[in-house]
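Asks:
Protein chains: 2
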Amino acid sequence: MNTVRAIEWREGKVRFLDQTRLPLEEVYVETDDEAVVAQAIKSLAIRGAPLIGIAAAYGFVLAFNKLQSNDGRTIVAWIEKSTSLFSSTRPTAANLFWAINRMRHAVIDVAGTPLDEMKARALAEAQAMHKEDEEMCRAIGQLGSELLPPAASVLTHCNTGSLATGGTGTAQSIIATAWEQLKLRHVYIDETRPLLQGSRLTAWELEKLQIPFTLITDNTAGFVMQRGMVNVVVVGADRITLNGDVANKVGTYGLAVLAKYHGIPFYVAAPTSTIDFEMTSGKEIPIEQRSSSEVTQLAGRQIAPPDVDAYAPAFDITPNELVAAIITEKGVLRSPFRMAMEMLMKKDLSSMVRKAVFR
Amino acid sequence: MNTVRAIEWREGKVRFLDQTRLPLEEVYVETDDEAVVAQAIKSLAIRGAPLIGIAAAYGFVLAFNKLQSNDGRTIVAWIEKSTSLFSSTRPTAANLFWAINRMRHAVIDVAGTPLDEMKARALAEAQAMHKEDEEMCRAIGQLGSELLPPAASVLTHCNTGSLATGGTGTAQSIIATAWEQLKLRHVYIDETRPLLQGSRLTAWELEKLQIPFTLITDNTAGFVMQRGMVNVVVVGADRITLNGDVANKVGTYGLAVLAKYHGIPFYVAAPTSTIDFEMTSGKEIPIEQRSSSEVTQLAGRQIAPPDVDAYAPAFDITPNELVAAIITEKGVLRSPFRMAMEMLMKKDLSSMVRKAVFR
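If you read the sequences in order, they're chains C and H. Here this note's numbering is used: the first residue of the first sequence is 506, the next is one more, and so on. Here this note's numbering is used: the first residue of the second sequence is 506, the next is one more, and so on.
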């Protein structure tokens, strides 16, 4: 599969694709400055919940590489500074906080060892996360493809591909896997206003993968369902709570309601790092508000009267009762989600114990 | 009320606002060429089902004014040519065909009279239609305002105001009337992709009317309903069939499904000229397909990869079971719509009989 490398570690630097320039320009940025990476996350040059996590992890490594001393106080100050730098980029994606936390632990685990060793450990952890993400994409693609109806005609929203993850994607990995397995008939892509991740990014990726698709405006989704043009909806997620509520790109909730009305299954694909085991319901998820100008301007051009007030939540919450299943790399979760999540945690725990014993 | 004159008859010419230039430029076009009017309808410089009807009527007058002879054959040829010119502009709006038909009858009624008299009759008919449309807007505003819930927070789609009618609008007239009557709390406007009639036109009009509103992307509608930010949806219509099915700007159907799911009333506001008494169900309505490029380009800028295929129906069909009521200038129609339509026809008939008797 022709997979785009949205982010890479290259000889002490992070190289990433500036996604705000797509689809017209394919511009890569190479940097050893963690602030540049943080700003790229903020501006959506790097986006997609899993990819944000990987970017933050590499950003930690960049910061760490500047350390001159392994004095305990310096290390702690460095961890806190990096944590705050990356935590403040975007509030909704669970993977971001999961990745930050994991980097903190990795470094704390080897505190007191020589500086070079600590730096190597930090990089190894970030690279492991990146590699795991690739494997996660493959597993989700496989598990999800099995769930699709015959001759699947998939409706998807936003971008969940190589540009959103460290591998082939979440929802999009299911689409690509189904295509390889001759199970996919067609894909309908919501353009995904305001930032057009569907028309700019997903259309660009599916063209590269040579998967047949049709672009629609977000408000055409109901019509294509009514006309029987799609038989399944598959989307990604930015945060999933213990009860199975899903935060994802704004518009997802409307699709879920429409899918319900038309009796079409609505699937969410996400790695377990998207699950926030500390939140019991979607009501607790902080919803990032974007600037009015993302709605009232497009490509620098004013498309509404100046000074118009726009309400621009980046995400919405889909309640669990509209979700047919959550496809993770570790298995397919179904209602009642709370129980499924608990089983998932136990499974994780037992595999960790196994690892510890048989290491 | 500060009402924009989207179209006017001015000393033998039609003057119209080029709506494709809004909101950044307010450009008026004055012409005595019916082909310019037809092209303006096609390109959406003149749009909105009722306004299209009025524009076509004035277009007929422009064409008629060029006639040099009242010879029967010439008149018939002229009628057929004008009919075909305007019928081929846009396929979905019922008002267009209603207006064309009415102009044909008006002229046929006075066939054989001196040419100047016939020309005067044609103009009088077009002006009568324009005036009736103004009154229709007022009546719909009044009837609709009475239906709104207390402290109404209305969600609307596309543009249904002075830019879509010969008066204050359909759905928007309800909004404006409710505002004057202190019954309106707030308006949420869908931007209405792909041509942004919400953000370009409705936002521009509500600003002029000083009515408080917030602009949202179409895909945010579900979220604002879920959060209780709107308590009623009011939209216009391009064609309504005998069973109460409604063709309106694409996205309307999705809003109707969302409104149903949230228990929010969904109202359609339209003049009786929008009702197609010859069609029994929405399945028969021809849906205009717009060019892919209206989705893949914006303001001349490519926003998707070149050559991407987009599906761009201009309208969708909302089935009658999702419609709480249809607000016409002659009364409020409710389910079962078929019966309500028959009563409406009888009422019309009896008033026509009365007129004939007491003339």
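Yeah, the Cβ is synthetic: ideal placement off N, Cα and C, and Gly gets one too. Given the structure is predicted, the values throughout are model-derived calculations rather than measurements.
1) Going along chain C, which residues have a C-beta under 7 Å from Pro528 (chain H)?
2) Chain C beta carbons: is any one of them nearer than 8 Å to that of Gln731 (chain H)?
3) Using only the alpha-carbon positions, how far apart do Ala554 (chain C) and Lys765 (chain H) sit?
4) When you compare the CB positions of Leu676 (chain C) and Thr697 (chain C), do they come within less than 8 Å of one another, or not?
5) Just to confirm my understanding: we take Arg864 (chain H), look at its own chain, exclude 5 residues before and 5 after, and list those with CB closer than 8 Å. What are they?
6) Tell me the DSSP bridge mates of Ala815 (chain H)?
7) Helix or strand or just coil, what does DSSP make of Ala560 (chain C)?
8) Would a C-beta distance cut-off of 8 Å place Thr785 (chain H) and Asp743 (chain H) closer than the cut-off?
9) In chain order, what are the residue ranges of uninterrupted beta strand (DSSP E) at least 3 long that sit wholly in the region 642 to 674 of chain H?
10) Three-state secondary structure (DSSP) at Phe569 (chain C)?
11) Restricting to Cα atoms, I'd like to know which of H:Val737, H:Pro818, H:Val813 is closest to Ala752 (chain H).
12) Helix, strand or coil: how does DSSP classify Met506 (chain C) here?
13) Below 6 Å CB to CB, which residues in the same chain sit around Ala861 (chain C) once its five sequence neighbours on both sides are set aside?
14) What does Ser704 (chain C) reach in chain B if we use C-beta pairs closer than 9 Å?
15) When the distance is taken between beta carbons, is Lys835 (chain H) closer than 8 Å to Lys852 (chain H)?
16) Give, in chain order, every unbroken run of the beta strand (DSSP E) that is at least 3 residues long and sits entirely within the region 743 to 788 of chain C.
17) Residues in the region 750 to 774 of chain C with C-beta within 9 Å of chain H's C-beta atoms, listed in sequence order?
18) For the alpha helix (DSSP H) that Val541 (chain C) lies in, which residues bound it at each end?
19) Can you round the beta-carbon distance between Asn466 (chain C) and Gly517 (chain C) to whole angstroms, since I take them to be within the 8 Å contact cut?
20) Closer than 8 Å, CB to CB, is Gly727 (chain H) near chain C or not?
21) Return the CA-CA distance between Glu685 (chain C) and Ala775 (chain C), expressed in angstroms with no decimal places.
22) For the candidate residues H:Asn664, H:Ile580, H:Ile557, whose alpha-carbon lies nearest to that of Pro528 (chain H)?
23) Please list the partners that Trp684 (chain H) has in chain C, where partner means a Cβ-to-Cβ separation under 8 Å.
24) Does the region 700 to 715 of chain H come close enough to the region 732 to 739 of chain H to have 3 or more Cβ pairs within less than 8 Å?
25) Could you name each continuous beta strand (DSSP E) segment of 3 residues or more that falls completely within the region 687 to 722 of chain C, going from the start of the chain to the end?
26) At which residues does the beta strand (DSSP E) containing Lys586 (chain H) begin and terminate?
27) For the region 538 to 553 of chain C, which residues have a beta carbon sitting closer than 9 Å to at least one beta carbon of chain H?
28) List, in order along the chain, the chain C residues whose C-beta lies closer than 9 Å to that of Arg698 (chain H)?
29) How is Gly836 (chain C) classed by DSSP in three states: helix, strand or coil?
30) Counting only the same chain and skipping the five closest in sequence on each side, list residues whose C-beta sits under 8 Å from that of Ile745 (chain H).
31) Per the DSSP calculation, Gln731 (chain H) is bridged to which residue(s)?
32) Counting only beta-carbon atoms, is Ala596 (chain H) nearer than 8 Å to chain C?
33) Should Lys788 (chain C) be listed as close to the ligand MG, given that the test is whether its C-beta is under 7 Å from any heavy atom?
34) Output, in chain order, the set of chain H residues within a Cβ distance shorter than 8 Å of Pro818 (chain C).
35) Give me the Cβ distance between Gly756 (chain C) and Asp695 (chain C), rounded to the nearest whole Å; I'm assuming they're in contact under 8 Å.
36) Could you tell me whether the Cβ atoms of Gly617 (chain H) and Phe591 (chain H) are closer together than 8 Å?
Replies: So, from the data block:
1) Ala809, Pro810
2) yes
3) 32 Å
4) In the sequence as presented, Leu is not what sits at residue 676 (chain C); that position holds Ala. Against a cut-off of 8 Å, the Cβ pair of Thr697 (chain C) and Ala676 (chain C) comes out as no contact.
5) Only weak support exists for where Arg864 (chain H) lies, its pLDDT of 31 falling under 50; the value from the coordinates is given anyway. Within the same chain, Arg864 (chain H) has no close Cβ partners at all.
6) C:Leu720
7) helix
8) no
9) 657 to 661
10) helix
11) H:Pro818
12) Low confidence applies to Met506 (chain C): its pLDDT is 49, below 50, so where it sits in the model is not reliable enough to give any reading.
13) Reliability fails at Ala861 (chain C), whose pLDDT of 43 lies under 50, so the model's placement of it is uncertain and no value is given.
14) The structure shown has no chain B; the protein chains it does contain are C and H.
15) yes
16) 744 to 746, 751 to 754, 771 to 774
17) Lys754, Val755, Gly756, Thr757, Tyr758, Gly759, Leu760, Ala761, Val762, Leu763, Lys765, Tyr766, His767
18) 539 to 547
19) The requested residue 466 (chain C) does not occur in the structure, where chain C is confined to residues 506 to 864.
20) yes
21) 20 Å
22) H:Asn664
23) Residues of chain C passing the Cβ test: none, with the nearest at roughly 17 Å.
24) no
25) 689 to 695, 718 to 721
26) Counting along the chain, Lys586 (chain H) falls outside any beta strand (DSSP E), though it belongs to the alpha helix (DSSP H) covering 577 to 592.
27) none
28) Glu696, Arg698, Thr722, Asp723, Asn724, Thr725
29) strand
30) Ala599, Val751, Ala752, Val773, Ala775, Thr779, Ile780, Asp781, Ile831
31) In the DSSP output, where bridge partners are listed per residue, Gln731 (chain H) has none listed.
32) The question names Ala, but residue 596 (chain H) is Pro in the sequence shown. Not closer than 8 Å to any Cβ of chain C, the Cβ of Pro596 (chain H) fails to qualify, so no.
33) Ligands are entirely absent from the displayed structure, and the ligand MG is therefore not among its contents.
34) Thr725, Phe728
35) 6 Å
36) no
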